[in-house]
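Notes follow the structure.
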């Protein structure tokens, strides 16, 4: 209870303060606003709350803020009064703590006071229903610190009660009560509002009239020493009015104390009891109006809410405990990403990254590290393809596996990797396909069974590439990259390629051929599809994405079986252990950078590297027809490639001729030397 | 049974071949040799096996190879005959398959034949006990492919049996048997061997004599048409001798067939039955000696072992199933590391890396990635210090945590990280300490309780740094790096520092002060301990490790509380998600490179970067006295630092003066401008 001091002869009027009722929906919406809109902006924001006057006895008067609080045009719920507020959301707990609460209160009080003096509050009584909310949202922990204030201007002295408070049924007849209900409802309807916070009342034994504040001079005409005012009262207590009356009484004192000695207050309470409307529990009382007319200075104000311990201090809600942990994980991950947009890269289009569907061919050292980095970027759709099982040497270098995954012969990598992603972040959509990728020079037609299997593998791979946006080539052989590179080029998918040496690595994107309808025939950029157009002068300047090459572009040997006859150190990718993490991370960062470019995979290659300005070697420009053949002949063409040694692809792509010419040149050179 | 064809009138002698018995110990030792010694060397290696002649009936004749097989000077087990072999360990399964087994057999046969012709086999009969072992060790899978061969020269015709075989007890009296035992034992003792593979026998009803092959002319003097030879026979079968007899018979035929028509063979079998010696089950028979004297050409040879299916093919053992999975994991991890030494970096001293004890201060994004890379390098001793709990946003970026670790408020990071390392690789020695690191500007003396806590934290940190070799600074604030940097400098520990920006990072080593006994006072290199010596000309060339700076060297503000009043994006390390992996990996690679340098942390800094040749700015050279104070005053000095704002450290290190001078300079400049 706010205490009031003053004339000791009469008992004094006291007011029941609001309890702030901040719904979980409010905090959720604040989180979203902070993350996506306010970011580091600390400027005051307009928000909106409401209060209800139909509660059962025992409930405190509440000012409620819910998810709709940030939408100033949102409708107020039925039979509720709106209140307009100002949100001060600070960036740090420090500035929350050190905010000048006295000043904030004074500013708000002054606005209320000005609206009383100017008469604006008569026109729009909601101006009296002002509140402040000081917040700090710790979105890392889902801790919300807040301090609520409902500024109430103080009268120069406390108000002696002349009569009451008594229940309305002790003053009004049933007929009068019904007339009040009727008059109030009619006025609301005329005004198109769900509730009137403040109104004027005139009554006698036969009738009750209500009116808007702005009509006070007409309405009060003929009154002698006393006027009656109505307040929509959220309080339930039989002896006390609620907080909204306070500013209304100041308005009344300021406006009308020169004409009237006292004011009768009807605290209108309007509930439904056992199916029937009940306003009889409203209370009515009369107080002396203090002299405030023509006083120019804003009265002092009170209103900061006490905390749960009853002291003057902020409150805190910890929503992490009541949230679904999986939802919590998702928003926490979002948070970390969105923080990048707050200050460092405001133009970052996260949605482009988060929504991308990534196919990882290879779930080994590179695959695991790429998947980890994709998770860090918030990518939600990750699919693995691998045909290996987890061996004992893997977990220390392949960060999605543990010792237990190696037992009993080892789990299939692709499936175990997908499972692990779910364990890291349940919101991810991860799948694994335990399958082989057919490779040039790895014959498949030993029997019709294996040929059929290869056909199925190719189909499966085509479907997988079709249903993803970015294809990562992360295998440990050169030739296994060939088929997915061809299919992805045909389907115009962005290909990111990473491969490790001992202390060297390659991370590159493949060129993205122009869409078919744009005349693919004459603009085939990469090794798989190169055309004479590449010989144009454009290569000497910046290279557009559709003219970039592929992993095989600088090769002078077509891919074949490189796994045959390999020593142990050639079978394993022997590399400095840190390298896969570096290359994996860079591969994802490259993807992100490409996705951020307005042209995506067609983005121009930067020419910041001076080597770009040197004339390209002829090896980079050998035109090839692989993609055309694949698109014409499909699996039949592929089967030939799988079953052939290097020569088939080399014949097709012109490398055979190149080799012959090179050999001829070498022979010539040697003869030349000998003749000297 | 090896079949023999020839004279149809008499039954023919057949021989029981050896079964190769390759012990797990042999494969283990081969693994070690391959990893550490042979590496890619495919040259034939001498190895050694043995066979026993005391088995119970039912056991096949076995040639055993165990861990000692690679030590040619290892003693032969009691009552076993040695056999000398050649190991052909191939690098690939392909070369295992394509090895020319016919040629290998012919070569070995030829050596045996030469030793027979030259008489060397008479001097050293073990030359007849030759074997070959062709292997491929797939150390990734612990699959061992092998093919065993015990070359047996073939006689030009099969040998008709003139008598027997019968049990020795059917031919010899008990007295003769005892005399044989006695004569054999005496000869072994005289020769100092545990068993004689081949020997000569003379006997009548009263006595038995045995002799060495080399004494054959004296020993056989007076014999008419028949001689008796003894063979140490690993075979148990009543009707057949074992394989070793074959080459001995060829020797006998070559040497003695011109003088004698037939040879009586005593297959000496020597077991213990119910506590008593039993040689009575030895067998004896007589065969016609074929004419082979003066034949110059090596006879054809047989001897490649059949596989389990009874066909001519290699065998394979899969030891991964019978090994302790934890041991298996350890050797697999070792393998991957050792492969680096095979071809790429033969000089790499892995032991220096594997044995290093690493203290990771910070178990967040950087800490997790550093730990992962250390595991990849085989580091076995990793300790985490962190005081945070795992929050929902962590697992997608901190690769040692999963969603479940976040529930219920989150596990302490340091402990969870250590647990995870154990799950990844059970052989690791990982610990976690959930503790805070006292920081400058973060006051600790609010109460004696917290001061005491800070004292304990400092002591704990001192102990931890003392007991580790390399200290990684991986925290998310600048000031938390200060205390460990001071302590580590005082204890002369290598410090690796990593810190992230948004798309920038620092990875560096701190300078390592010279050991105290070498005159520390006048050669304090780093910011904590800098001295006037730094101003010398040496900075313009290569910088020795003891003159390198520390993380704080270029700072113009002493570390203080940077966590106060931080917005959400400043509280989290907002960085491109791939960055921590890159920086973490580089930090470990830097450590490894430093450890590989002969001077370790005192290694000279490379001057390959041209900036090294520019004169250093004066800010890099400000001398400081922090380390001296710490070493003199200990915790009392530290407490002052923790409780002070920047000014204490800035006063101490001279930064205050610098700031004042800079300010003065700025004012001067401004005045200057105004006078123009």
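Protein chains in written order, with the UniProt record's numbering: chain B, 1 to 676; chain A, 1 to 676. Heads up, the beta-carbon is just placed ideally off N, CA and C, and yes, glycines get one too. Predicted model only: the values in this text are computed from it and were never measured.
Looking at residue i: is its Cβ nearer than 7 Å to the Cβ of residue j?
| i | j | result |
| --- | --- | --- |
| residue 367 of chain B | residue 360 of chain B | yes |
| residue 145 of chain B | residue 96 of chain B | yes |
| residue 418 of chain B | residue 430 of chain B | yes |
| residue 423 of chain A | residue 402 of chain B | yes |
| residue 132 of chain B | residue 86 of chain B | yes |
| residue 12 of chain A | residue 158 of chain A | yes |
| residue 601 of chain B | residue 500 of chain B | no |
| residue 147 of chain A | residue 314 of chain A | yes |
| residue 454 of chain A | residue 438 of chain A | yes |
| residue 377 of chain A | residue 577 of chain B | yes |
| residue 84 of chain B | residue 117 of chain B | no |
Would you mind reading off the limits of the beta strand (DSSP E) that contains residue i?
| i | result |
| --- | --- |
| residue 264 of chain B | 262-268 |
| residue 19 of chain A | 19-22 |
| residue 206 of chain B | Here residue 206 of chain B belongs to no beta strand (DSSP E), and DSSP marks it neither H nor E. |
| residue 171 of chain A | Segment 168-171 is the alpha helix (DSSP H) holding residue 171 of chain A; no beta strand (DSSP E) there. |
| residue 432 of chain A | 429-434 |
| residue 367 of chain B | Element bounds for residue 367 of chain B: not the beta strand (DSSP E) but the alpha helix (DSSP H), 365-376. |
| residue 130 of chain A | 130-138 |
| residue 224 of chain A | Premise fails: residue 224 of chain A is in no beta strand (DSSP E) and is neither H nor E. |
Determine the closest residue to residue i out of the options, with distance taken between C-alpha atoms.
| i | options | result |
| --- | --- | --- |
| residue 235 of chain B | B:463, B:582, B:339 and B:268 | B:268 |
| residue 472 of chain B | B:60, B:460 and B:485 | B:485 |
| residue 266 of chain A | A:274, A:277 and A:245 | A:245 |
| residue 61 of chain B | B:150, B:163, B:412 and B:191 | B:150 |
| residue 167 of chain B | B:237, B:71, B:129 and B:272 | B:237 |
| residue 17 of chain A | A:636, A:363, A:310 and A:243 | A:243 |
| residue 363 of chain B | B:353, B:414, B:334 and B:316 | B:414 |
| residue 224 of chain A | A:171, A:77, A:452 and A:260 | A:260 |
Evaluate residue i with the Cβ neighbour count: other Cβ atoms within 10 Å of its Cβ, from every protein chain shown; 16 or more gives buried, anything less gives exposed.
| i | result |
| --- | --- |
| residue 182 of chain A | exposed |
| residue 624 of chain B | Annotation note: pLDDT 38 at residue 624 of chain B (below 50); position unreliable, no value reported. |
| residue 463 of chain A | exposed |
| residue 274 of chain A | exposed |
| residue 73 of chain B | exposed |
| residue 398 of chain B | buried |
Indicate the three-state DSSP secondary structure (helix, strand or coil) for residue i in the structure shown.
| i | result |
| --- | --- |
| residue 607 of chain B | Unreliable placement is indicated for residue 607 of chain B, whose pLDDT of 45 sits below 50; no coordinate value is reported for it. |
| residue 41 of chain B | coil |
| residue 165 of chain A | strand |
| residue 14 of chain A | coil |
| residue 500 of chain B | strand |
| residue 668 of chain B | In this prediction, residue 668 of chain B scores a pLDDT of 40, lower than 50, which makes its location untrustworthy; no coordinate-derived value is stated. |
| residue 334 of chain A | helix |
| residue 152 of chain B | strand |
| residue 87 of chain A | strand |
| residue 286 of chain B | strand |
| residue 508 of chain B | strand |
| residue 242 of chain B | strand |
| residue 143 of chain A | strand |
Between which two residues does the alpha helix (DSSP H) holding residue i run?
| i | result |
| --- | --- |
| residue 188 of chain A | 174-191 |
| residue 254 of chain A | 245-256 |
| residue 220 of chain A | 216-220 |
| residue 96 of chain A | 93-98 |
Check whether the Cβ of residue i sits closer than 6 Å to any heavy atom of the ligand MN, and report yes or no.
| i | result |
| --- | --- |
| residue 38 of chain A | The ligand MN is absent from the structure shown, which contains no ligands of any kind. |
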